[in-house]
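> Residue numbers (my numbering), protein chains in the order written: chain A, 4 to 295; chain B, 782 to 1009; chain C, -2 to 546.
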Amino acid sequence: MRSFADMNPAAVTVHLLLTACITIFCMEPLLLGISLLCAVTFYLVKNGGANRGFHLFALGVPALFALLNPLWNQHGTTVLFVLNDRAVTAEALCYGAVTGIRLAAVLYWFRIFSELTDSEKLFYLFRFLSPRIAMVLSMAIRNLTLYREQMKKIRQSQKALGLYREAHLIDDIRGGVRIFSVLLTWALENGIITANSMTARGYGTGRRSSYTTFRWHMRDAVLLGVSLVLAAVCIRSAAAGAMHWEFYPVCDAPPHGLLWFAGVGAYLLLSLLPLIYEGKEALTWHRLRSRI
Amino acid sequence: MIVLKSARLRSLLRTALPFLIMPAIILVTALGWRAEHYALVSFVMVLLALLLFLSGFEKREIGTRRMILVSVMTALSVVGRLLPLLKPITALTVLSAMYLGSEAGFLVGALSAVLSNFVMGQGPWTPFQMFAWGIIGFLAGLLAKPLRRSRLLLFCYGAVSGLTYSLLLDVWTVVWTYGEFTLREYAAAAMTALPYTVLYAISNLLFLMLFAKPVGDKLHRIEVKYGL
Amino acid sequence: MASLAFSHLTAAYPEAQKPVLRDVSFSLETGEFAVLCGATGCGKTTLLCFAKRELTPRCTHSGTVSFCGKPVESLDARTAASQIGFVMQHPEQQIVTDRVWHELAFGLENLGTEQAVIRRRIAEIASYFGMEDWLTKDPSALSGGQKQILNLASVMIMQPALLLLDEPTAQLDPLAAAEFLTTLQRLNRDFSVTILLAEHRLGAVIPMADRLLIMDDGALSADGTPREVLRKLPEHAPVMAGMPAPVRLFRAVGGTGECPLSVSDARRTLLPQFSDRVRELPEPAPRPETAPALEYAGVYFRYARRGSDVLSDLTFSVQTGELYCLIGGNGAGKSTALALAAGVLRAYAGKIRVFGKKIEDYKHRTLHQECVTLLPQDVQTVFLKNTVAEELSELDRDYAQTLRDFPFDLTPLLPMHPYDLSGGQQQIAALAKVMLTKPRLLLLDEPTKGLDANSRQMLADVLHGLTAQGVTLLVVTHDIEFAAEHADRCGFLSQGALISSDTPRRFFSENVFYTTAVSRMTRGKYDGAVTVADAAALMQQNGREERLT
């Protein structure tokens, strides 16, 4: 059993995209709750308590939004109280809360995506789109680290010349502009060496193959298949309107029929998948260790 | 002959598609087509346009050196985000497009968005950003000649594209927070974001004013020295 | 069949008055290891590029270049790319991708090789070059030497029959350079790859070469085995200054018999030819003591609070008007010591005084106004304009006046783009630029890196000119020959502390391992001979041993 992060990036990306997209397009509080809970749990399992700033942002901003929506939004019929001549309705409050949860869940899913996707995986994903763009991207990432280093060197050398100043804002900008100009010249002039090194190794001589360290295993196919089937069930249910709440003029839940159960159930499984993989992996390790 | 024609048509379609997408979105809104699916439709459309456009590059002839320069400009615009108060992506995208062509402009814009979001945070807004910056670059490439000739026009284009970028992203904000697009909510969102929008446009313009000449000179030198 | 053959190649760049290559003819047999040397700008790179089809310069030319009997232009694109490998000078900029494995795969991908084959080749080559541990790394995390080995490996993975190298060790420190050359020699022996290596640091290269080609102003002036060529080479040929110390000594004293190529050769064949009645040269008059320009007193520094000390208890001083060379291995803290004196970094304990005043007491950048300036290792971090003249007038509109005493005529450089200058010229242009801040103390970080012998001499002349004007110079360098020839005093830095400090003569003759080739050659026979000039003077004073003549 491999952990979720070690599966083929294509399968992982499809799964995360489906999970996030369904979250975005369903206005079903239960489903959104499940989504947020699973995403937060998985993120915590992977990262521990680190990154407090992100938690603050991903939970704070939606919470703020949920609180502000009723002040903003005049729809709804059940007036709770009146503030500055504006009616605050229960429906607007509910709507705000639900959209807040949705936003938070989406933020977490995307965060998980970027945590799991390093440059190597990004390269692999872009390869499907166009190997050539994947190449440009890989080069750009390489340049990025190169330029950060060079920028540090340039700052040092300009400082030692007494040309880089950090006295106040205008100085700061001027210093930044200097450094960037030096970097710009350096980057463009040295890019040509890279171009030569590429053509010298036969770039552009014809059809390229594209090597990757990722392989496609049965387990990846299973993850992809399961994700697609579960998502299809959700989408079928959502398309039939079985998971769509109306908030205005009054909160109106769809009937809890078979389609609703199928949709919410499938989604529960879908968003639990990463945790299931994680749990099974931990269990396997535990068992192996106790056997040794 | 037919093959050639259809190839041309395909290439035309690829080029034109992004321009059809935006009006299409507006049209769809105007016709009020199932408001609750609005977010879905716009997301899928933007994603499709992006995918089609990017995969079109596989068939196009861009020389190795141009490719290198695209990767250089992309990395520069991402690194430039570390500078105080200057927002280089729009400006560098426009400048790259002017000197390296429309496709290069689109790529620099779109790829800068993905890469910089690995630092600034990925989200469902990533495709929108890729699209917005890509289009700004693409159009600048089409207008390359007049932009290269007139500094004033370039600054105008820079300021307008800075504004456009913010306004396009406000569309995103509305669509994703409300799940639908109405002018009233759009106006409200745009108003709240106004200080940011103005600051963005200014710093963008500032960057362009500071770097239009050096970047132009340097790209021109590279063009001459290495024969692009 | 000849692996590579040049036949009467003459070439000229479009707007140049004279040809860059003139009637070049030579051929290399399969498996030969040939070294190509010549002063900067003599056309070495152009010559190499003519053998690599993808990089053929846009020149008008006549004559042919053929690879395995076929003209290079007529080779199939993929054969040309894979069969002829090319490694360039800059380790960093040749790397294309952001992973080591991907960099290795890059060449094979371009040839359209299948996945399974690529996987196998990567595994093989990683084990051959001992780089299994790096495979998943970002190349930026590698050292300069490792990067260059990676560049070599990613060319070798395409199994070239001919390897062209353009000054591949110029940017490496001596240890990494030696390792790179050893790897190259191993490739040559194991796979009989034909090697054509353009190089100006010849000390380690010449003993391993089968062929030595010397270029002079676009034409081949000598071609043969190293011993043969060096025996006949005129003593004042421009390339002579870059030859290994044993060769230079042999020529300076007019030795007879075979020309020694290495220290052990020289000890065996050259030194016994001379007697040792006079063992030591008279000690030159000591430099009069002057006030200290820069003092380190018990300086400690580390980059992170929980990190380890880079400098620990560094204590020494540099006197006004002296040229002080600070040498030592990688990571000894040399550059850090400079950065501290330049006010870029701050020590966490200890005192640094500049002209008697504590460095913290220089407020509002007064430190950098007519006081201290640092010339960084990477001088390209100094340039941002389109011409050298613009670079200079950026700092001082009246630069001609300020630089009137600058010991180098900058006029020919002024209209040029800084990036179009040679390495040596860039170094001097950058030096001129930093001199505009009128420093009294100038700190230089590896100023001779990548320079050929002539540019090095040119730089040394400029530096001596500056000290004559009373400027104090602190030079950090790996180049011990440079330190031995030009420093007033040398200091050895190790583990962040100064281990020893003395005049070059005493310093290098007391060192055993970290010393010049001449010192290692003459050890036991003469005392205090550290440069070729020292040894030659001693040997000439002593005269030939009667037994042998």
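Heads up, the beta-carbon is just placed ideally off N, CA and C, and yes, glycines get one too.
Values in this document were obtained by computation on a predicted structure and should not be read as measured data.
Please work out which residues of its chain come closer than 8 angstroms, Cβ to Cβ, to residue 260 of chain A, disregarding the five sequence neighbours upstream and downstream, and give them in chain order.
Residue 260 of chain A sits at position 257 when you count from the first residue of the first sequence. Closer than 8 angstroms at Cβ, skipping near neighbours: 245.
> With DSSP run on the structure shown, which of helix, strand or coil describes residue 171 of chain A?
Here residue 171 of chain A corresponds to residue number 168 of the first sequence, with the count starting at 1. DSSP places residue 171 of chain A in coil when its eight states are reduced to three.
> Using a threshold of 8 angstroms, state whether the C-beta atoms of residue 909 of chain B and residue 964 of chain B are closer than that.
Position 128 of the second sequence, counted from the first residue, corresponds to residue 909 of chain B. Position 183 of the second sequence, counted from the first residue, corresponds to residue 964 of chain B. Contact: no.
> Alpha carbon to alpha carbon, what distance is there between residue 136 of chain C and residue 460 of chain C?
Translated into the one-based positions of the third sequence, residue 460 of chain C becomes position 463. Translated into the one-based positions of the third sequence, residue 136 of chain C becomes position 139. Cα-Cα distance, rounded: 36 angstroms.
> Quick one, which residues of the stretch 993 to 1006 of chain B are near chain A if we go by CB-CB under 9 angstroms, in chain order?
Hits within the stretch, in order: 995, 996, 999, 1000, 1002, 1003, 1006.
> If you compare alpha carbons, which of A/211, A/178, A/32 is closest to residue 111 of chain C?
Translated into positions along the third sequence, residue 111 of chain C becomes position 114. Checked all of A/211, A/178, A/32; the closest Cα to residue 111 of chain C is A/211.
> Using 7 angstroms as the cut-off, classify the Cβ of residue 266 of chain C as near or not near the heavy atoms of the ligand GTP, replying yes or no.
This structure does not include the ligand GTP; it has no bound ligands of any sort.
> For residue 282 of chain A, name the three-state secondary structure that DSSP assigns.
By one-based count along the first sequence, residue 282 of chain A stands at place 279. DSSP places residue 282 of chain A in helix when its eight states are reduced to three.
> Based on DSSP bridge pairs, tell me the residues matched to residue 82 of chain C.
For the purposes of this step, residue 82 of chain C is taken as the residue at position 85 of the third sequence. Its beta-bridge partners are C/160.
> Please check if any C-beta of chain C sits within less than 8 angstroms of the C-beta of residue 3 of chain A.
Outside the modelled stretch of chain A, which goes from 4 to 295, sits residue 3 of chain A, for which no answer is possible.
> Which residue from C/353, C/301, C/271, C/372 puts its Cα closest to that of residue 535 of chain C?
Indexing the third sequence from 1 puts residue 535 of chain C at position 538. It is C/271 whose Cα lies nearest to the Cα of residue 535 of chain C.
> In terms of residue numbering, what span does the alpha helix (DSSP H) encompassing residue 46 of chain C cover?
For this step, residue 46 of chain C is matched to residue 49 along the third sequence. Unbroken alpha helix (DSSP H) run through residue 46 of chain C: 41 to 48.
> Assuming residue 1 of chain C and residue 48 of chain C form a contact by the criterion Cβ under 8 angstroms, report the distance between their Cβ atoms to the nearest whole angstrom.
Residue numbering aside, residue 1 of chain C sits at position 4 when the third sequence is read from its first letter. Residue numbering aside, residue 48 of chain C sits at position 51 when the third sequence is read from its first letter. Residue 1 of chain C to residue 48 of chain C, Cβ: 6 angstroms. Contact.
> For chain A, is any of its Cβ atoms less than 8 angstroms away from the one on residue 945 of chain B?
The residue labelled residue 945 of chain B in the question sits at position 164 within the second sequence. Not closer than 8 angstroms to any Cβ of chain A, the Cβ of residue 945 of chain B fails to qualify, so no.
> The alpha helix (DSSP H) with residue 308 of chain C in it runs from where to where?
Position 311 of the third sequence holds residue 308 of chain C. Segment 308 to 316 is the beta strand (DSSP E) holding residue 308 of chain C; no alpha helix (DSSP H) there.
> Put residue 65 of chain C into one of helix, strand or coil per three-state DSSP.
Against the third sequence, residue 65 of chain C aligns to sequence position 68. Looking at residue 65 of chain C - three-state DSSP - the assignment turns out to be coil, as it is neither helix nor strand.
> With a cut-off of 8 angstroms on the beta carbons, I'd call residue 26 of chain A and residue 100 of chain A a contact; round off their distance for me.
Locating residue 26 of chain A in the first sequence gives position 23, counting from the first residue. Locating residue 100 of chain A in the first sequence gives position 97, counting from the first residue. That pair is no contact at about 15 angstroms.
> Check whether the stretch 206 to 226 of chain C touches the stretch 480 to 500 of chain C, counting contact only when three or more Cβ pairs, one atom from each stretch, lie closer than 8 angstroms.
Counting Cβ pairs under 8 angstroms, fewer than three are found: no touch.
> Where DSSP assigns a beta bridge to residue 85 of chain A, which residues make up the other side?
The sequence position of residue 85 of chain A within the first sequence is 82, counting from 1. According to DSSP, which records beta bridges pairwise, residue 85 of chain A is partnered with A/90.
> Hey, could you find the ends of the alpha helix (DSSP H) residue 41 of chain A is sitting in?
Indexing the first sequence from 1 puts residue 41 of chain A at position 38. Start and end: 32 to 50.
> How close, in whole Å, do the beta carbons of residue 166 of chain C and residue 178 of chain C come, if the pair is a contact with beta carbons under 8 angstroms?
Within the third sequence, numbered from 1, the residue matching residue 166 of chain C stands at position 169. Within the third sequence, numbered from 1, the residue matching residue 178 of chain C stands at position 181. Right, the Cβ-Cβ distance comes to about 7 angstroms (below 8 angstroms), so this counts as a contact.
> Taking the runs of the beta strand (DSSP E) that are 3 residues or longer, which of them lie wholly in the stretch 366 to 424 of chain C?
Entirely contained in the stretch 366 to 424 of chain C, the beta strand (DSSP E) runs reaching 3 residues are, in chain order, 369 to 372.
> What residues in its chain sit with their C-beta under 6 angstroms from that of residue 137 of chain A, if we drop five residues either side in the sequence?
Position 134 of the first sequence, counting from 1, holds the residue named residue 137 of chain A. 126, 129, 130, listed in sequence order.
> For residue 26 of chain C, name the three-state secondary structure that DSSP assigns.
Here residue 26 of chain C refers to the residue found at position 29 of the third sequence. Here residue 26 of chain C sits in strand by DSSP.
> Mind the definition here: the stretch 214 to 227 of chain C touches the stretch 50 to 68 of chain C only if three or more C-beta pairs lie below 8 angstroms; say whether that holds.
Output reads no: the stretch 50 to 68 of chain C does not touch the stretch 214 to 227 of chain C.
> Quickly, what does DSSP pair residue 118 of chain C with across the bridge? List them, please.
Residue numbering aside, residue 118 of chain C sits at position 121 when the third sequence is read from its first letter. According to DSSP, residue 118 of chain C bridges with nothing at all.
> Spell out the partners DSSP gives residue 541 of chain C in its beta bridges.
As a first step, residue 541 of chain C is located in the third sequence; it is residue number 544 there, counting from the start. C/271.
> Out of curiosity, what's the CA-to-CA distance linking residue 157 of chain A and residue 857 of chain B?
On the first sequence, residue 157 of chain A is found 154 positions in, with the first residue counted as 1. On the second sequence, residue 857 of chain B is found 76 positions in, with the first residue counted as 1. About 14 angstroms.
> Considering Cα atoms alone, identify which of C/99, C/40, C/325 is closest to residue 497 of chain C.
The residue you call residue 497 of chain C lines up with position 500 of the third sequence. Among C/99, C/40, C/325, the Cα nearest to that of residue 497 of chain C is on C/325.
> Scan the stretch 373 to 396 of chain C for residues whose Cβ lies nearer than 7 angstroms to a Cβ of chain B and list them as they occur along the chain.
So the close ones are 383.
> Compare the Cα-Cα distances from residue 852 of chain B to each of B/877, B/830, B/946, B/1001 and report the closest residue.
Along the second sequence, read from residue 1 onward, the residue named residue 852 of chain B stands at position 71. Of the candidates B/877, B/830, B/946, B/1001, the one whose C-alpha sits nearest the C-alpha of residue 852 of chain B is B/877.
> From residue 470 of chain C to residue 316 of chain C, what does the alpha carbon distance come to, in whole angstroms?
Here the question's residue 470 of chain C lines up with position 473 in the third sequence. Here the question's residue 316 of chain C lines up with position 319 in the third sequence. Straight-line Cα distance between these residues: approximately 9 angstroms.
> Measure from the C-beta of residue 152 of chain A to each C-beta in chain C and report whether the shortest distance is under 8 angstroms.
Looking up residue 152 of chain A in the first sequence gives position 149. Residue 152 of chain A counts as touching chain C.
> Identify, in the order they occur along the chain, each residue of the same chain with its Cβ nearer than 8 angstroms to the Cβ of residue 161 of chain A, setting aside the five sequence neighbours on each side.
Counted from its first residue, the first sequence places residue 161 of chain A at position 158. For residue 161 of chain A, where only same-chain residues beyond five positions count, the Cβ hits under 8 angstroms are 167, 178, 181, 182, 185.
> With a threshold of 8 angstroms between beta-carbons, can residue 877 of chain B be considered close to chain A, or not?
For the purposes of this step, residue 877 of chain B is taken as residue 96 along the second sequence, with counting starting at 1. For residue 877 of chain B, the answer is no, since every Cβ of chain A falls outside 8 angstroms of its Cβ.
> Could you work out which residue in A/165, A/208, A/112 is closest to residue 561 of chain C when comparing CA atoms only?
Nothing about residue 561 of chain C can be reported from this structure: the residues present for chain C run from -2 to 546 only.
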